[in-house]
Every structure is written in structure tokens, then in C-alpha cells.
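2 protein chains.
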Amino acid sequence: MALSYLDELISALRCLPGVGPKSAQRMAYHLLQRDRKGALHLATSLERAAENVQHCSRCNNFSELPVCGLCASAARDESLLCVVEMPADQLMIEQTQCFRGMYYVLMGRLSPLDGIGAKELQLDNLVRRVQQHPCEVILATNFTVEGDATAHYLATLLQSLGVKVSRIARGLPVGGELEQVDSGTLAQAVLERREL
Amino acid sequence: MALSYLDELISALRCLPGVGPKSAQRMAYHLLQRDRKGALHLATSLERAAENVQHCSRCNNFSELPVCGLCASAARDESLLCVVEMPADQLMIEQTQCFRGMYYVLMGRLSPLDGIGAKELQLDNLVRRVQQHPCEVILATNFTVEGDATAHYLATLLQSLGVKVSRIARGLPVGGELEQVDSGTLAQAVLERREL
Ligand SMILES: [Zn+2]
Ligand SMILES: [Zn+2]
Chain A
1 MALSYLDELI SALRCLPGVG PKSAQRMAYH LLQRDRKGAL HLATSLERAA ENVQHCSRCN
61 NFSELPVCGL CASAARDESL LCVVEMPADQ LMIEQTQCFR GMYYVLMGRL SPLDGIGAKE
121 LQLDNLVRRV QQHPCEVILA TNFTVEGDAT AHYLATLLQS LGVKVSRIAR GLPVGGELEQ
181 VDSGTLAQAV LERREL
Chain B
1 MALSYLDELI SALRCLPGVG PKSAQRMAYH LLQRDRKGAL HLATSLERAA ENVQHCSRCN
61 NFSELPVCGL CASAARDESL LCVVEMPADQ LMIEQTQCFR GMYYVLMGRL SPLDGIGAKE
121 LQLDNLVRRV QQHPCEVILA TNFTVEGDAT AHYLATLLQS LGVKVSRIAR GLPVGGELEQ
181 VDSGTLAQAV LERREL
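These protein sequence lines are chains A and B, in that order.
Counting along the first sequence from 1, when you hit position 29 you're at 29 in the UniProt record's numbering, and nothing is skipped either side.
Counting along the second sequence from 1, when you hit position 70 you're at 70 in the UniProt record's numbering, and nothing is skipped either side.
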């Protein structure tokens, strides 16, 4: 039997991370009963984003243009490259206004248990970038087990290519994530980065 | 400044109940990075459902037809009308296979603190239905404070119209919700309904 449009919606909502059968059902009921306008707006936004958002060819962040605004800006210092795990981490560092260099967004972290290794993270893109545009690299991955492992791996890899590598200072609590820290602490951590 | 498509998607995801800024961001990243097909499928499902799912003119449940399949079926007993809060509750009762009557789905419950009164629940539709098609009414609202209040209100209202009203037996734990009970308990509760 064909699924009803309601059943299809409930099932489609399961593609959202952290949404199980019960929450999918609650979401579908809510949208159909109280917020059809929101549902249609979400549909349009999903389509537009899925069709137009790509990755910046330089920093790997999400971008609607082949090269994002930040990478295209003439005002940034190309001799410094800050490596972060996720777009939100880059936003956090930008908010501190203490860093005027470039970024590279890993879109993840090394996580052998989840099958995410150097290949899945496409670290060759980062290596190519550093070889084409020599610069000092600041590692700003999270101070979690996986973030530490990622930083360690990248430091070894980049140092073997003769790149100067530092890591933001552990001003963050151990196990802490960049997104959850106040701007001041994070700014301090960037300033006090230590060479690796 | 115009929102980017990514920012727009993050903001649109907030129309989902229980989704705050952080989860909206996580969902958007996940869809764009790992599941664009899922995002597009969700967009289509949202549109289809928002445009095609209406309410059955008889039972008030979600339906793509003016009258839903259950209400249109000749095999059901029109002398019994079971009133439930939500579509999922009706599904649960159907699964017990102990009830062959009709349903009325309130699409909610009386909740004065949330500003949901008799008017917001459109109880006049239920009253009209009972007046046009006289029947015995079985109240199967949840055994929560709000479900109890709804049952009490409906019992008084319907009895004043001369309708025979019963409520499913409290075979459910106090404070329990229909959705979380096993079929056997729920079937028993329907069989042991008591007149109000
Ligand atoms: Zn870029
Ligand atoms: Zn119906």
C-alpha cells in the first residue's frame, strides 16, 4: 500500500539527526496542525540550500560561491591559516575579532571509531593548500579526545612538510568545545597559541 | 544583509517543535554535508503534506480525502463514537482490534494554561456530529490532568444533550498516555469502559 502523505512526511523527517519515530510524528502533527506556512518555508529553504550551498574551494567551509567572501577578501592575512573542525567554530573565532588570517574548515574530526580517517576528512586538500600558499598553521580543533588526536595528526603531517604549526592555548577547560566558550577565553587562547 | 541559504535553512528548521538554535545548526550541517538527497526528499514531503493533508469532515483526523477511509467504510458501527486526543491515539486503539465503531479526533486537549479552551478545540464540530448522528460516546482521552479535564468537560456537555457517555477504564497507570501502553491493557480498558 502506498504511504499517505502524512506517513511519508513522518518518515522523511527521520533524516534529521536525533529525530526518532515519536519526535518525527510530533513534528509532522505540529506542522500540519499549526504551522503549514512554516512547513512550506522549510521546504523551500531545504531545496535552496541543498541546491546552492557548496564548499569554498579554498577554506572548505560552506559557501554559495566557488570562493567564499572571507577567502576572497583582500583584508585578510594570508600568512596565517587557522584550522577548525566545523563552520560554527570559525564563526566563534571571527566573533572574538582577534584573528585576521585565513581559515581551513575540516568539516569534522578524525574519529577512527566512526570510520572517519585522514582520507574521509580529505586532508590532502589541506596539504595541497599549504603547499601552494605557504603559511603558518594554527590548529584550533576542540580539546576533546578526537580534537586532540586530529591536532596531533595534523601537526605531525604538516611539520613533515616544513610548515610552522601552533595550537591555540588550552585556555579552554579540558573536554571543552569551542562553541561553548565565551569570546574572551577564546581570544586569549588564540593569542597564547604555542608552537608545536 | 540578506541571509545566506545556509542561515535561512538553520532559521527555517526552528519551526520544528523542540529544535533550538544549536540543533537547527547541527541538522543543517548534517543535511548539507551528508544527506542532500534526504533534504530534498524532506522538502518534497513537506510540500506534498502541507498542500494535500486536510481534516476529515467527519472524524477530524488528518486525511487527504474530504472523508477519510475509516469514516467512509461500511463495515464500521456508527452507533459508537470513540473520542481521542490525537491521531496516534486512534491508531493505537485500531491496533487493539477491539473497537469497530467510529472516531472523533480532538487534535488536542483542553489546556487553559496554554490558552486552549472549548473554542480552540472546536468542540462545536463534535456536538454537531453527535446531534446529526446520535450514538454512544466513548471518551478515550489520556489519563493525565488535561485529559481528565477534557473528558469531564465533554461528559457534562454531551450528557446535557442526552447522549450516553462512557470513558475507557483506568486500566492505564495514572498519568499514563495511551501511546505508551501495550495493546492488551488498552483493549481491556476499552472493554471495561464505564458509563459516566
Ligand atoms: Zn573560503
Ligand atoms: Zn474520518
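All residues carry an ideal CB built from backbone N, CA and C; glycine is no exception.
- Take the alpha-carbon of A:GLY184 and the one of A:GLU177: they are about 14 angstroms apart.
- If you look at A:LEU158, you'll find it in the alpha helix (DSSP H) that goes 145-159.
- When DSSP states are grouped into helix, strand and coil, B:GLU136 belongs to the strand group.
- Between the alpha carbons of B:GLN25 and A:GLU85 lies a gap of roughly 14 angstroms.
- Of all alpha-carbon atoms in B:ARG36, B:ARG58, B:THR96, B:SER4, the one lying nearest the alpha-carbon of B:GLN188 is that of B:THR96.
- Boundaries of the beta strand (DSSP E) around A:LEU81: 77-84.
- With at least 16 other beta carbons inside 10 angstroms of its own, B:ASN61 counts as buried.
- For A:TYR104, the beta-bridge partners assigned by DSSP are A:VAL83.
- With a threshold of 7 angstroms, the Cβ atom of B:ARG100 does not count as near ligand 2, since no heavy atom of the ligand is closer than that.
- Here the C-alpha atom of B:LEU158 lies approximately 42 angstroms from the C-alpha atom of A:ALA43.
- As DSSP reads the structure, B:PHE62 sits in a beta bridge with B:HIS55.
- Straight-line spacing of the CA atoms in B:LEU91 and A:LEU46 works out to 30 angstroms.
- A direct Cα-Cα distance of roughly 28 angstroms separates B:CYS56 from B:GLU195.
- A Cβ-Cβ contact shorter than 8 angstroms links A:ARG76 with A:MET102.
- Within chain A, no C-beta atom comes nearer than 9 angstroms to that of B:HIS152; the closest sits roughly 24 angstroms away.
- For B:GLU8, the uninterrupted alpha helix (DSSP H) segment begins and ends at 5-13.
- Its chain contains VAL127, VAL130, GLN131 as the residues whose beta carbon lies nearer than 8 angstroms to that of A:LEU161, once the 5 sequence neighbours on both sides are disregarded; these appear in chain order.
- Taking the C-beta atoms as reference points, B:THR141 is found nearer than 8 angstroms to B:ARG109.
- Minimum Cα-Cα distance from B:SER79 among the listed residues B:LEU31, B:VAL163, B:ALA169, B:ILE116 corresponds to B:VAL163.
- Listed in chain order, the non-local C-beta contacts of A:ARG100 below 8 angstroms within the same chain comprise ALA75, ARG76, ASP77, LEU80, local neighbours out to five positions each way being set aside.
- With a threshold of 7 angstroms, the Cβ atom of B:VAL181 does not count as near ligand 1, since no heavy atom of the ligand is closer than that.
- A distance criterion of 7 angstroms places the beta-carbon of A:SER63 in contact range of ligand 1, judged by its closest non-hydrogen atom.
- In terms of Cβ geometry, A:HIS41 and B:PRO17 do not form a close pair [threshold 8 angstroms].
- Exclusion of the five residues before and after B:GLY38 leaves LEU31 as the residues of its chain whose Cβ lies within less than 7 angstroms of its Cβ.
- By the rule that beta-carbons nearer than 8 angstroms mark a contact, A:ARG48 touches chain B.
- Residues of chain B with a Cβ closer than 7 angstroms to the Cβ of A:ASN125 do not exist, since the nearest Cβ in that chain sits about 15 angstroms away.
- The residue from A:LEU65, A:SER73, A:GLU64, A:LEU121 with its alpha-carbon nearest to that of A:ALA151 is A:LEU121.
- Distances between the C-beta of A:LEU70 and the heavy atoms of ligand 1 include at least one below 7 angstroms.
- For A:ARG26, the Cβ stays outside the 7 angstroms cut-off from all heavy atoms of ligand 1.
- The three-state secondary structure of B:SER23, taken from DSSP, is helix.
- Taking the beta carbon of A:GLY38 as reference, the chain B residues within 7 angstroms of it are CYS15, listed in sequence order.
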